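The letter at position 192 of the sequence shown is residue 207 when you use this note's numbering, and the numbering goes up by one with no holes.
C-beta: ideal position from N, C-alpha, C; glycine also.
Computed from a predicted model, the values in this text were never measured in an experiment.
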Amino acid sequence: MQVFVSSNSNVKAAGGTMSSKLRQRFVEDMKLAGLAESTQETYVSVLRKLARTFNKSPKYLSSEEIRKYLVHLYDRGCSHDTVIVCKSALNFLYTKTLGRGKLPLFSLVRRRRRRQHLPTALTREQVSVLLKEIKSVPVRMCLTVVYACGLRISEALNLKVKDINKQRMLLLVRNGKGRKDRTVPLPHKLLLKLRKYWKQVRPKDKLFNLTRSKVYCTLKAVADKVGIDDVSPHTLRRSYAVHLLDSGMPLGAIQQILGHTRLQSMVPYLRGYKSNLENVRPILETSVADF
Numbered sequence: 016m017q018v019f020v021s022s023n024s025n026v027k028a029a030g031g032t033m034s035s036k037l038r039q040r041f042v043e044d045m046k047l048a049g050l051a052e053s054t055q056e057t058y059v060s061v062l063r064k065l066a067r068t069f070n071k072s073p074k075y076l077s078s079e080e081i082r083k084y085l086v087h088l089y090d091r092g093c094s095h096d097t098v099i100v101c102k103s104a105l106n107f108l109y110t111k112t113l114g115r116g117k118l119p120l121f122s123l124v125r126r127r128r129r130r131q132h133l134p135t136a137l138t139r140e141q142v143s144v145l146l147k148e149i150k151s152v153p154v155r156m157c158l159t160v161v162y163a164c165g166l167r168i169s170e171a172l173n174l175k176v177k178d179i180n181k182q183r184m185l186l187l188v189r190n191g192k193g194r195k196d197r198t199v200p201l202p203h204k205l206l207l208k209l210r211k212y213w214k215q216v217r218p219k220d221k222l223f224n225l226t227r228s229k230v231y232c233t234l235k236a237v238a239d240k241v242g243i244d245d246v247s248p249h250t251l252r253r254s255y256a257v258h259l260l261d262s263g264m265p266l267g268a269i270q271q272i273l274g275h276t277r278l279q280s281m282v283p284y285l286r287g288y289k290s291n292l293e294n295v296r297p298i299l300e301t302s303v304a305d306f
């Protein structure tokens, strides 16, 4: 069996990392294509599971075997999005790394229009209860930053100690969505908590030595414990935006803080609007939950 594993240190296989020319080429091709690190890790994981299922490299799988595997994913209760990711990983391997043509089978597996769910947002009280219930200091601090600064979980996990600007009360967010950097206001209360966290943990470079999986699993366990359904780190980010909006913060300011190029549902309100983040600091300091 050829196990697909990434040279990235964040991706590990059972029994350790295996060297492979094909694996190396696959990872290099994804880097050249500019795929996000999280996408690279996901694609490698897909191919590793596929190899273990058939006990051979995905390179040697027939179209019928791939078809059976995709059907198997549905039979296991996997979502359509999961199947799409699997297809995308295989399509990249075959068309980019191996230089083969696109499998006709893949034309059957199409993205479909997402069902429009009403977005979930927690109340200030729910946010406070949730964060205070988390026992892991790093996870609690990470999710507190996600909420208090409106960050994506990937942005929070990429934070470095040097990104905290206590003089200007700003937080530098590196390589956000669209590979863009931005600064967000740093609430004074959060700065005090970060100082306490630093004294406890003493991070040297990265602020949080955590994996996405650790954060997600911890948050889900705590949410189940306190009886709050359908919670993810993104729920905290969305709740932050809703709380600021409820407090009267201008939509354009929220757009800047969240790092959105556009908020499609708010476009009519945003045209021609430019905000000064310093003008909204008093709102920011008083409108979010007591974390």
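In the DSSP assignment, Thr198 is bridged to Leu187. Between Lys175 and Asp244 a beta carbon distance of about 34 Å is seen, past the 8 Å cut, so the two are scored as non-contacting. Under the three-state reduction of DSSP output, Ile99 falls in the helix class.
Per DSSP, Ile272 has no beta bridge partner at all.
In the DSSP annotation of this structure, Cys93 is not part of any alpha helix (DSSP H), being labelled neither H nor E. In this structure, the beta-carbon distance from Gly165 to Leu260 does not fall below 7 Å. Shown here for Met45: same chain residues with a beta carbon closer than 6 Å to its own, the five before and five after excluded, namely Gln55 in chain order. Within 10 angstroms of the beta-carbon of Glu170 lie 16 or more other beta-carbons, which makes it buried. Classified as exposed, Val86 has fewer than 16 neighbouring CB atoms from the shown chains inside 10 Å of its CB. Annotation note: the segment 128-184 contains the following uninterrupted alpha helix (DSSP H) runs of length 4 or greater, listed N- to C-terminal: 139-148, 152-164, 168-172. With a threshold of 16 other beta carbon atoms within 10 Å, Arg194 falls short and is exposed. Taking C-alpha positions only, Ala163 is separated from His275 by approximately 17 Å.
Taking 7 Å as the cut-off, the Cβ atoms of Val230 and Val154 count as close.
If you look at Ser228, you'll find it in the alpha helix (DSSP H) that goes 227-241. Excluding its 5 nearest sequence neighbours in each direction, Tyr255 has C-beta neighbours in its own chain below 6 Å: Tyr162, Gly165, listed in chain order. Under the three-state reduction of DSSP output, Lys214 falls in the helix class.
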